[in-house]
Amino acid sequence: MNRGLLEQLDLGKELVEAGIVTEEDAALLRAGRSPRDLVDHLLGEKRVSEAEILELVSQKMGVPYMDVSDYEVESSVLGLISPRTARKHQLVPLFLLDGMLNVAISNPLDVAALDAAREEASCEIEPILSTAQAIFHLINANYGKEDAGQEVLDLLSHEALPEVGPTAHVLSDEEDEDLSNAPVVKIVDLLLRRALAEEASDIHLEPGERSLRIRFRVDGRLREMPAPNWQLFPPIASRIKILADMDIAERRVPQDGRFEFSSEAGAADIRVSTYPTTHGESVVLRILDKARRLLGLTDLGFDPADLGRYERVSKKPFGILLVTGPTGSGKTTTLYGTLSSLTVPEKNIMTLEDPVEYRLPGVRQTQINPKAGLTFATGLKAILRQDPDVIMVGEIRDRDALDMTIRSAMTGHLVLTTLHTNDAPSSMVRLVDMGAEPFLVASTVVGIVAQRLVRRVCPSCKTPYQPSQKVLEELHRSGWTAQGPYYRGTGCQECRGLGYRGRIGVFELMLVTEEVERLVVKKAPASAIARVAREQGMIPLRETGLVKAAEGITTLDEVLEVTASTSS
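Quick look at the structure:
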């Protein structure tokens, strides 16, 4: 959905008249929310669909709304607008009626886009409202998918390259002027647009002795992409550092920065990290997609029984709710989904994060700043003076943060936070090892969720298969006897030949009962805690993953791989 359009429109009256806004939402309106924040809140809560919102926008503007996802455009009409104009302004010609060209566009208030279409088509333009995603797919379907990698290679073969060697430290005035023009600027732009279009979470630029490797992380896996000549890496790195407001002359120490980027595939916050290596600076860009929909608890992948238990424990008035797992296992997404379910006008919810990945309507969010003295521990101490009901702490990193988290829970607050452990039972032992008193851990922690992300089988090329004997033997050792059928993807254009498309969580939920509390106070090992937790209904990570494999959601190989480090 076009966020700029929502900022220009006030849909409050229309939402009330349509019966979408409740008294609770009316209170949010009175609290001074922007139109975009209110709509994001309603969409996140699944109380309204994007189509319903666009119908209201259509009525208010007097512009027709149309779902163009599968619309077939005649070639004669398609030729009126060039691929360049369509992609630049995110619009598609649909049909001619009485000499007027009807075009699908996500923002009918974009005068520049409509003027460009009018000039190119040499006729009057009538806008038709549609979603940005539908238009993006229609552009690819009719004009062909844009291959940023090939475009980079084409660009390099036709444009003059700036003469910058791989060991350059500071750009000269002439080189800086080259940097502000094509091809370097366009190469960086194309890489970012390609990454957004492919829903990559990270971009890795890795210089070698006389080579440059570029990799995208998609669905948790790194995949190599077409790369320009290795001699272009220094100006590319400098361009990225300029965008991120970093020191381009400093290449001896790691640096961090950030910038915002927008394309036809959406808008994103880009976090940049550089690290000196023997062949130059390694550059990693973390992509935080602003358009990515905030997942609700029902979308995460919880087992239905565990979902009900998790919702109940997340609504406790005080205590610590832990989400554990390795980096990249979706812990933050689970916490955001939980906060979204807890957000009501009657509760004061505050967060301490590093970084702030989503903007949550109704939640006061803060990013830590250690250089200014704002750490998880100091920030949490200050938050307690802000009369909070629910607090989210991005991570328990040290003893000070742990002590403040326990203190917050003991003084009547619900604290949501994360920890790096392999499974739920070992988290209790880890907190004690960090220096917390066992009786305090036992009395404050109310629940622990361990999680991993597994790749989904691509629905377009999903097919049944017989697992290998090695996999079946490992399943037998795990006590798993289900016969299947099991599925995998054979590889197609939709999944880029990988057989997978998207990811879903697998979870292990442990509630802290009196029996578990007694074991923690006695400093019992994680294996003893795990045994009691299983007896009381905890489903181990591997088992919840295997259920998803039996349901055809993921593959056996994927489950066995991502749960290999767990005790179950």
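Mapping to the working numbering: the sequence shown position 398 is 646, numbers consecutive.
In this text, a Cβ means the ideal position worked out from N, Cα and C, and glycines have one as well.
Computed from a predicted model, the values in this text were never measured in an experiment.
Distance between residue j and residue i (C-alpha atoms, nearest Å)
i      : j      : result
Ala774 : Leu759 : 14 Å
Thr575 : His668 : 8 Å
Leu570 : Thr665 : 5 Å
Lys619 : Thr626 : 12 Å
Glu685 : Gln731 : 46 Å
Ala485 : Arg458 : 16 Å
Glu303 : His527 : 55 Å
Cys740 : Arg612 : 43 Å
Val520 : Pro593 : 36 Å
Gly683 : Lys796 : 37 Å
Leu440 : Gly747 : 24 Å
Met494 : Pro483 : 14 Å
Glu806 : Asp671 : 18 Å
Ile496 : Ser510 : 23 Å
Lys434 : Gly621 : 39 Å
Gly468 : Val351 : 37 Å
Asp421 : Ile490 : A caution first: Asp421 carries a pLDDT of 41, below 50, which makes its placement in the model too unreliable to give a value.
His661 : Ala812 : 35 Å
Phe550 : Arg678 : 24 Å
For residue i, the residue or residues it bridges with in DSSP
i      : result
Leu545 : For Leu545, which the question treats as bridged, DSSP gives no partner whatsoever.
Leu349 : Leu344, Ile373
Leu570 : Thr665, Ile696
Val737 : First, the amino acid is wrong: residue 737 is Gly here, not Val. Bridge partners of Gly737: Lys710.
Ala515 : Ser510
Pro431 : In DSSP, Pro431 forms no bridge with anything.
Pro455 : Leu460
Ala482 : The sequence as given places Pro at residue 482; Ala does not occur at that position. Pro482 is not bridged to any residue.
Thr525 : Gly528
Asp450 : Arg465, Arg534
Leu622 : Asn617
Limits of the unbroken beta strand (DSSP E) element including residue i
i      : result
Arg534 : 528 to 537
Ile639 : 638 to 641
Leu470 : 469 to 473
Ala698 : 693 to 705
Ile752 : 748 to 759
Ser510 : 503 to 511
Leu664 : 662 to 667
C-beta neighbour in chain D for residue i, strict 8 Å
i      : result
Glu457 : Given the protein chain composition of this structure (a single chain), no chain D is represented.
Residue i (DSSP reduced to helix, strand or coil)
i      : result
Asn390 : helix
Asp493 : coil
Arg465 : strand
Ala812 : coil
Val418 : Legend: pLDDT at Val418 = 40, less than 50; position of this residue unreliable, value from coordinates given subsequently. Three-state DSSP puts Val418 in coil, outside helix and strand.
Gln615 : strand
Pro312 : coil
Met598 : strand
Glu411 : Note on Glu411: pLDDT 40, under 50, position unreliable in the model; the coordinate value appears next. Glu411: coil per DSSP, three-state reduction.
Val769 : helix
Gly520 : As written in the sequence, residue 520 is Val, which differs from the Gly given in the question. Residue state, collapsed to three classes: strand.
Asp635 : coil
Thr802 : coil
Leu723 : helix
Val807 : helix
Asp358 : coil
Ser716 : coil
Thr575 : coil
Range of the contiguous alpha helix (DSSP H) that encloses residue i
i      : result
Thr333 : 331 to 337
Thr792 : 789 to 798
Gln307 : 298 to 309
Met676 : 673 to 681
Gly556 : 552 to 562
Thr379 : Run containing Thr379: none; DSSP gives neither H nor E here.
Ser317 : Where Ser317 is concerned, there is no enclosing alpha helix (DSSP H), given that its DSSP letter is neither H nor E.
Leu650 : 647 to 658
Selection from the options that minimises the alpha carbon distance to residue i
i      : options                        : result
Leu342 : Ile373, Glu368, Ile777         : Ile373
Asp637 : Phe464, Met658, Ala778, Thr738 : Met658
Leu480 : Glu454, Gly505, Leu470         : Glu454
Asn390 : Ser330, Leu349, Gly727         : Ser330
Ile387 : Ser354, Ser370, Arg366         : Ser354
Ala492 : Arg749, Val705, Asp504, Arg700 : Asp504
Arg557 : Cys743, Glu498, Val311, Gln784 : Gln784
Met348 : Leu357, Gln338, Gln634, Arg366 : Arg366
Val689 : Leu701, Val719, Leu723, Met652 : Met652
Gly567 : Gly695, Glu498, Pro707         : Gly695
Phe507 : Gly745, Arg487, Glu498         : Arg487
Gln714 : Tyr735, Met598, Asp602         : Tyr735
Lys563 : Glu320, Ile597, Ser726         : Ile597
Ser708 : Phe755, Lys718, Val697, Arg744 : Arg744
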